[in-house]
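Student: Residue numbers (full-length UniProt numbering): 1 to 403. Ideal Cβ positions, reconstructed from N, Cα and C, are used throughout, including at glycine. Please read through the structure below; I'll follow up with questions.
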């Protein structure tokens, strides 16, 4: 892939036409814009415009206690909110030197891998829609709904979950939640197999995706790509394996990789990652059975809201509740960076703390923001129809792009 200089031709006599791809075009799957110069159906050059839903989350975070930042993370990649939530909680735990119990780690892995599956369902099913195949989308969405019902059982929310707490979870998983998780793990493999049968060797789908937008490993790394689209180029980088967190180093799983980084390889990698997520959830369920059943939070009363009934009747609990909510707990002066493997790549949190009630500075390393920078140059020379499915396979989530 060659990077050509971007050129927008405003000459009314030019043979090229200008096309706005977005910000409201349904094919962009989000509020972002590409101003394209077109030679018929072929893209000559383009300029990407972002910021349409920029909400200044990093600046807002400088004025919020740690707990009140969690809902901000929900609204980045809202297709897999729990990964954002827990990545932030682990960042604060690193700052505070909090060690979570093994059972908490396993519970987090279950929720994060369910979120990964939900995210990949959205990406791959919609990629099918963009190539003209609606059946896979309508079939798979009911299984994302099943995952949302598990979220609802655990924390009461579905899309923007605000799930978990610094040190663990607000409450234990109940029997209904475990039953729904086990049912999902039992039933979903047959569904995923059917989905793969629909697409993997479908002549139309393969012709539309194979050889489209190939990217070399060297180019992907030079643009700081991460996640499934980097692994599709053949680079086996996965934060869960390279920098294990939440006890991932105790689990047996593989890091799927592709060959040439094209749209088809990205699709296959995400499908295989769903199989690996199922493996991880099954192992986590087995490990949880060997741990004390009443453990769901680290022993850090300074960061765990006491039960409401105790707050009403116990002065110490009331004081803790006030201090946690208002951010009046002492914290160390330090800089920390923590990353998790988000559904789209390395999701990082760079926290600078000065000991106050709010962060001095907080930066989100958002994979969609970094992965998207290559879209305009890699679209040069492409047919418009191919550029649409290329964008779909990158799985750019507007909330994570802008933050």
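#1: Please list, in chain order, all residues of the same chain as residue 117 whose beta carbon is under 6 Å from its beta carbon, the five residues on each side excluded.
#2: Closer than 8 Å is the cut-off here; do at least three beta carbon pairs connect the segment 302-311 with the segment 145-154?
#3: Pull up the distance between the alpha-carbon of residue 100 and that of residue 168, whole angstroms please.
#4: Quick one: what's got a C-beta closer than 7 Å to residue 93's C-beta in the same chain, skipping five residues either side?
#5: Label residue 114 either buried or exposed according to how many other C-beta atoms from any shown protein chain fall within 10 Å of its C-beta, with 16 as the threshold for buried.
#6: For the beta strand (DSSP E) that residue 43 lies in, which residues bound it at each end?
#7: Output yes or no for whether 7 Å exceeds the beta carbon distance between residue 34 and residue 48.
#8: Would residue 337 be called buried (16 or more neighbouring beta carbons within 10 Å of its own) or exposed?
#9: Have a look at residue 142 and residue 395 and give me their C-alpha separation to the nearest angstrom.
#10: From which residue to which residue does the beta strand (DSSP E) around residue 38 run?
#11: For residue 414 versus residue 365, is the C-beta distance shorter than 7 Å?
#12: Select from 76, 24, 126, 26 the residue whose C-alpha is nearest the C-alpha of residue 267.
#13: At which residues does the beta strand (DSSP E) containing residue 18 begin and terminate?
#14: So, is residue 312 buried or exposed, given that buried needs 16 or more other C-beta atoms within 10 angstroms?
#15: To the nearest angstrom, how far is the alpha carbon of residue 108 from that of residue 329?
#16: Apart from the five residues just before and just after residue 233, which ones in its own chain have a Cβ nearer than 6 Å to its Cβ?
#17: Checking 7 Å against the spacing of the C-beta atoms, do residue 148 and residue 284 come in under that value?
#18: If I measure Cβ to Cβ from residue 173 and keep anything under 7 Å in the same chain, skipping five residues before and after, which residues do I get?
#19: Can you pull the DSSP bridge partners for residue 346?
#20: For residue 15 and residue 42, what's the separation of their Cα atoms in angstroms?
#21: Report the three-state DSSP secondary structure of residue 221 (helix, strand or coil).
#22: Residue 364 lies in the alpha helix (DSSP H); which residues open and close that run?
#23: What does the alpha-carbon distance come out to for the pair residue 62 and residue 170?
#24: Tell me the residue span of the alpha helix (DSSP H) that contains residue 393.
#25: Based on the DSSP secondary-structure assignment, which residues constitute the bridge partners of residue 354?
#26: Could you give the residue range of the alpha helix (DSSP H) that holds residue 249?
#27: Skipping 5 residues on each side, what residues in its chain have a beta carbon closer than 6 Å to that of residue 379?
#28: Might you give, ordered along the chain, the residues of its own chain that have their beta carbon closer than 8 Å to the beta carbon of residue 326, omitting 5 neighbours on each side?
#29: Bridge partners of residue 158, per DSSP?
#30: Quick check on DSSP: helix, strand or coil for residue 201?
#31: Going by the DSSP bridge assignment, what does residue 168 pair with across the sheet?
#32: Please decide whether residue 257 counts as near chain C, where near means a Cβ-Cβ distance under 7 Å.
#33: Looking only at its chain, what residues have a beta carbon closer than 6 Å to the beta carbon of residue 409, apart from the 5 residues adjacent to it on each side?
#34: Just how far apart, CA to CA, sit residue 422 and residue 74?
#35: Roughly how many angstroms separate the alpha carbons of residue 136 and residue 184, rounded to a whole number?
#36: Using only the alpha-carbon positions, how far apart do residue 207 and residue 384 sit?
Tutor: The answer reads as follows:
#1: As a working mapping, residue 117 is identified with position 117 in the chain shown. Excluding residues within five positions, the ones whose Cβ falls inside 6 Å are 274, 277.
#2: no
#3: Residue mapping note: residue 100 aligns to position 100 of the chain shown, counting from 1. Residue mapping note: residue 168 aligns to position 168 of the chain shown, counting from 1. The straight-line gap from Cα to Cα measures roughly 7 Å.
#4: Position 93 of the chain shown, counted from the start, is the residue given in the question as residue 93. These residues qualify, in order along the chain: 100, 166, 167.
#5: In the chain shown, the residue the question calls residue 114 occupies position 114. Counting Cβ neighbours within 10 Å, residue 114 comes out buried, since at least 16 surround it.
#6: Taking the chain shown and counting its residues from 1, one reaches residue 43 at position 43. Here the beta strand (DSSP E) through residue 43 covers 42-49.
#7: Residue mapping note: residue 34 aligns to position 34 of the chain shown, counting from 1. Residue mapping note: residue 48 aligns to position 48 of the chain shown, counting from 1. Contact: yes.
#8: By one-based count along the chain shown, residue 337 stands at place 337. That one is exposed.
#9: Mapped onto the chain shown, residue 142 falls at position 142. Mapped onto the chain shown, residue 395 falls at position 395. Looking at the two C-alpha atoms, the distance is approximately 20 Å.
#10: As a first step, residue 38 must be located in the chain shown, where it is residue number 38. 33-39 is the extent of the beta strand (DSSP E) around residue 38.
#11: Residue numbering for the chain in the displayed model covers 1 to 403; residue 414 lies beyond these limits and cannot be assessed.
#12: Within the chain shown, numbered from 1, the residue matching residue 267 stands at position 267. Taking only the C-alpha atoms, the option nearest residue 267 is 126.
#13: Walking along the chain shown from the start, residue 18 turns up at place 18. 17-21 is the span of the beta strand (DSSP E), which, as asked, contains residue 18.
#14: Here the question's residue 312 lines up with position 312 in the chain shown. The residue in question, residue 312, is exposed, as its Cβ has fewer than 16 Cβ neighbours within 10 Å.
#15: Here residue 108 refers to the residue found at position 108 of the chain shown. Here residue 329 refers to the residue found at position 329 of the chain shown. The alpha-carbon atoms of residue 108 and residue 329 are separated by roughly 25 Å.
#16: Locating residue 233 in the chain shown gives position 233, where the first residue counts as 1. The answer, listed in chain order, is 215, 217, 220, 261.
#17: Taking the first residue of the chain shown as 1, we reach residue 148 at position 148. Taking the first residue of the chain shown as 1, we reach residue 284 at position 284. Not in contact: residue 148 and residue 284 (Cβ atoms no closer than 7 Å).
#18: Position 173 of the chain shown, counting from 1, holds the residue named residue 173. If we look at residue 173 and ignore the five residues flanking it on each side, its Cβ neighbours are 107, 154.
#19: As a working mapping, residue 346 is identified with position 346 in the chain shown. Partner(s): 341.
#20: Position 15 of the chain shown, counted from the start, is the residue given in the question as residue 15. Position 42 of the chain shown, counted from the start, is the residue given in the question as residue 42. Approximately 12 Å between the Cα atoms of the pair.
#21: Walking along the chain shown from the start, residue 221 turns up at place 221. The answer is helix: DSSP assigns residue 221 an H, G or I state.
#22: Counted from its first residue, the chain shown places residue 364 at position 364. No alpha helix (DSSP H) holds residue 364; the beta strand (DSSP E) holding it covers 361-365.
#23: Translated into positions along the chain shown, residue 62 becomes position 62. Translated into positions along the chain shown, residue 170 becomes position 170. Spanning the two alpha carbons is a distance of roughly 24 Å.
#24: Locating residue 393 in the chain shown gives position 393, counting from the first residue. Start and end: 384-394.
#25: Stepping through the chain shown from its first residue, residue 354 is reached at position 354. Residue 354 pairs with 333.
#26: Locating residue 249 in the chain shown gives position 249, counting from the first residue. It is not in any alpha helix (DSSP H) - residue 249 carries neither H nor E in the DSSP assignment.
#27: To locate residue 379, count along the chain shown from 1; it is residue 379. Closer than 6 Å at Cβ, skipping near neighbours: 43, 46, 387.
#28: Your numbering for residue 326 matches position 326 in the chain shown. Contacts found: 65, 357.
#29: The count along the chain shown starts at 1 and reaches residue 158 at position 158. None, per the DSSP bridge assignment.
#30: Your numbering for residue 201 matches position 201 in the chain shown. Correct three-state label for residue 201: coil.
#31: Translated into the one-based positions of the chain shown, residue 168 becomes position 168. In DSSP, residue 168 forms a bridge with 165, 297.
#32: Protein chain content of the structure displayed is limited to a single chain, and chain C is not contained in it.
#33: This structure cannot speak to residue 409, because the chain is shown only from 1 to 403.
#34: Here the chain comprises residues numbered 1 to 403, so residue 422 is not present and cannot be evaluated.
#35: Here residue 136 refers to the residue found at position 136 when the chain shown is read from its first residue. Here residue 184 refers to the residue found at position 184 when the chain shown is read from its first residue. Spanning the two alpha carbons is a distance of roughly 18 Å.
#36: Against the chain shown, residue 207 aligns to sequence position 207. Against the chain shown, residue 384 aligns to sequence position 384. Approximately 15 Å between the Cα atoms of the pair.
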